[in-house]
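Accompanying notes for the structure given below.
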Amino acid sequence: MLSSTQTISVNRLRPVSVRPLDGRDREAFDLLYLSNPVRYITVRMNEETYGFDSEKVQNWGTFAEDGKTLCGIMTRFGNTIVAVDEDGRSAALFALTVDNERGLAGMRGFAPLVGAIGEQLCRYAPSQQDASHFLQLEDPVSTSLELLNRARRASLKDLDALALLYTNAGEMYRNRTNIHAKLTNDRVFIAERYDVRSGMTQIVSCALTNVEGTEAGVIGGVYTMPVMRGRGYAEAVTSALCYDLQRDGKMPCLYYENPIAGRVYSKLGFVKRDEWSVMFFRVVNPPRRHTP
Numbered sequence: 413m414l415s416s417t418q419t420i421s422v423n424r425l426r427p428v429s430v431r432p433l434d435g436r437d438r439e440a441f442d443l444l445y446l447s448n449p450v451r452y453i454t455v456r457m458n459e460e461t462y463g464f465d466s467e468k469v470q471n472w473g474t475f476a477e478d479g480k481t482l483c484g485i486m487t488r489f490g491n492t493i494v495a496v497d498e499d500g501r502s503a504a505l506f507a508l509t510v511d512n513e514r515g516l517a518g519m520r521g522f523a524p525l526v527g528a529i530g531e532q533l534c535r536y537a538p539s540q541q542d543a544s545h546f547l548q549l550e551d552p553v554s555t556s557l558e559l560l561n562r563a564r565r566a567s568l569k570d571l572d573a574l575a576l577l578y579t580n581a582g583e584m585y586r587n588r589t590n591i592h593a594k595l596t597n598d599r600v601f602i603a604e605r606y607d608v609r610s611g612m613t614q615i616v617s618c619a620l621t622n623v624e625g626t627e628a629g630v631i632g633g634v635y636t637m638p639v640m641r642g643r644g645y646a647e648a649v650t651s652a653l654c655y656d657l658q659r660d661g662k663m664p665c666l667y668y669e670n671p672i673a674g675r676v677y678s679k680l681g682f683v684k685r686d687e688w689s690v691m692f693f694r695v696v697n698p699p700r701r702h703t704p
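Residues are numbered in this note's numbering as their position in the sequence shown, beginning at 1, plus a constant of 412.
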């Protein structure tokens with residue numbers, strides 16, 4: 413497992429060009445990753461999962477004058493952009509690329525870069541921007557056997573109940589197809605409550621992995637029914653998922669925007685490693701002109 417403090421030195425060159433990435437850029441990305449493993453760990457997991465030749469995602473990179481040194485990377489997942497570099501200097505080139513894309517709802521990534529891209533967009537404009545904190549859990553999860561026993565790993569038998577849980581999750585909504593894929597390909601942990609009146613067991617909380625690589629996994633989808641919050645369910649499912657990842661030698665990572673959730677993660681031993689940002693777009697009609 414790679415420590416968050418292990419890095420190698422690379423020259424911080426100014427990016428002068430941007431282009432789509434493909435499988436031939438793997439070596440250039442490996443060097444970029446090693447320059448700041450914390451910053452690029454999520455990108456690495458996505459690359460391990462999808463590759464640079466995938467039809468499911470699109471990747472672009474900014475390059476230095478030599479045309480070989482990768483300075484930043486941007487990925488499109490569905491209607492969302494993820495943008496990361498070392499210091500925000502890829503913003504102008506990435507802004508041009510974003511403006512050429514259609515149907516985008518927003519962007520997330522390294523906070524200074526996201527903010528700078530937002531300032532230079534012409535087809536889109538920021539409608540909302542929120543801080544997103546990147547955390548890692550390098551030490552064993554701080555939990556108890558009692559808490560771990562309150563959660564279990566979900567299976568396809570739980571599909572209907574999970575679909576019902578996320579139907580009412582507001583902005584955290586997940587459709588049945590997405591949940592089925594998670595149950596099939598990823599780690600999903602749930603907590604249940606027995607309802608005495610109905611005599612039935614109900615799923616009240618869930619945590620899952622959004623993406624997983626050889627060294628780490630990103631936790632997401634942490635949701636608890638509103639009437640069941642404050643009872644330790646989110647802590648139970650998250651700690652069980654962390655324990656499962658660490659048992660396989662993988663570092664749990666996550667992003668959060670909600671301060672209440674942040675307190676739960678801090679209690680489990682997560683430490684803040686980087687500052688990201690989430691930006692939502694509105695379409696500008698007619699588009700503004702890019703300034704040289």
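Note that beta-carbon positions come from the ideal geometry of N, C-alpha and C, so glycine has one too.
For clarity, every value in this text was computed on a predicted model and none was experimentally measured.
Distance, residue j Cα to residue i Cα
i: Leu-414; j: Thr-636; result: Because the pLDDT at Leu-414 is just 42, under 50, the model does not fix this residue reliably, and the value given afterwards should be weighed accordingly. Near 32 Å, if we compare the C-alpha coordinates of Thr-636 and Leu-414.
i: Leu-620; j: Leu-547; result: 16 Å
i: Lys-468; j: Asp-598; result: 17 Å
i: Val-553; j: Pro-698; result: 51 Å
i: Asn-587; j: Asp-478; result: 45 Å
i: Arg-605; j: Thr-613; result: 6 Å
i: Leu-557; j: Arg-641; result: 21 Å
i: Asp-551; j: Gly-661; result: 11 Å
i: Thr-555; j: Lys-684; result: 19 Å
i: Pro-671; j: Ser-502; result: 30 Å
i: Tyr-445; j: Leu-433; result: 15 Å
i: Ala-499; j: Arg-659; result: Checking the displayed sequence, the identity of residue 499 turns out to be Asp instead of Ala. Taking the straight line joining both Cα atoms gives about 34 Å.
i: Ala-628; j: Gln-470; result: 22 Å
i: Arg-710; j: Tyr-585; result: One cannot answer for residue 710 here, as it falls past the ends of the chain, which runs 413 to 704.
i: Glu-403; j: Asp-607; result: Outside the shown range of the chain, which is 413 to 704, sits residue 403, and nothing can be said about it.
i: Gly-490; j: Glu-513; result: 11 Å
i: Val-455; j: Gly-611; result: 45 Å
i: Leu-680; j: Arg-701; result: 48 Å
i: Gly-674; j: Leu-425; result: 35 Å
i: Leu-482; j: Phe-441; result: 6 Å
i: Asn-622; j: Ser-678; result: 20 Å
i: Asn-448; j: Ala-523; result: 15 Å
i: Arg-694; j: Ile-529; result: 14 Å
Terminal residues of the beta strand (DSSP E) in which residue i lies
i: Thr-555; result: Here Thr-555 belongs to no beta strand (DSSP E), and DSSP marks it neither H nor E.
i: Lys-684; result: 683 to 695
i: Cys-654; result: Looking at the DSSP string, Cys-654 is not in any beta strand (DSSP E); the run it does join, the alpha helix (DSSP H), is 645 to 659.
i: Tyr-585; result: Counting along the chain, Tyr-585 falls outside any beta strand (DSSP E), and DSSP gives it neither H nor E.
i: Asn-491; result: Looking at the DSSP string, Asn-491 is not in any beta strand (DSSP E), and its letter there is neither H nor E.
i: Met-612; result: 612 to 624
i: Val-600; result: 600 to 607
Whether residue i touches residue j by CB criterion (8 Å)
i: Leu-595; j: Leu-560; result: no
i: Val-616; j: Tyr-645; result: yes
i: Cys-618; j: Gly-633; result: yes
i: Ile-591; j: Val-649; result: no
i: Leu-505; j: Phe-682; result: no
i: Gly-484; j: Pro-427; result: yes
i: Val-430; j: Arg-535; result: no
i: Ser-544; j: Glu-669; result: yes
i: Leu-533; j: Asp-511; result: yes
i: Arg-451; j: Val-496; result: yes
i: Thr-487; j: Asn-458; result: yes
i: Ile-631; j: Leu-574; result: no
i: Glu-439; j: Thr-626; result: no
i: Val-600; j: Glu-647; result: no
i: Val-494; j: Gly-521; result: yes
i: Ala-476; j: Ala-563; result: no
Exposed unless 16 or more other CB atoms sit within 10 angstroms - verdict on residue i
i: Asp-686; result: buried
i: Gly-473; result: buried
i: Ala-593; result: exposed
i: Val-639; result: exposed
i: Lys-480; result: exposed
i: Met-691; result: buried
i: Gly-515; result: exposed
i: Arg-609; result: exposed
i: Pro-664; result: buried
i: Ser-689; result: buried
i: Asp-656; result: buried
i: Arg-565; result: exposed
i: Leu-443; result: exposed
i: Glu-624; result: buried
Extent of the continuous alpha helix (DSSP H) run through residue i
i: Phe-522; result: Phe-522 -> not in any alpha helix (DSSP H); beta strand (DSSP E) instead, spanning 518 to 522.
i: Met-457; result: 449 to 462
i: Ala-673; result: 671 to 680
i: Asn-593; result: Rather than Asn, the amino acid found at residue 593 in this sequence is Ala. 588 to 597 is the span of the alpha helix (DSSP H), which, as asked, contains Ala-593.
i: Leu-508; result: 503 to 511
Can we say the stretch 526 to 542 touches the stretch 574 to 589, given the rule of at least three CB pairs closer than 8 Å?
no
Per the contact definition of three or more C-beta pairs closer than 8 Å, is the stretch 457 to 468 in contact with the stretch 496 to 515?
no
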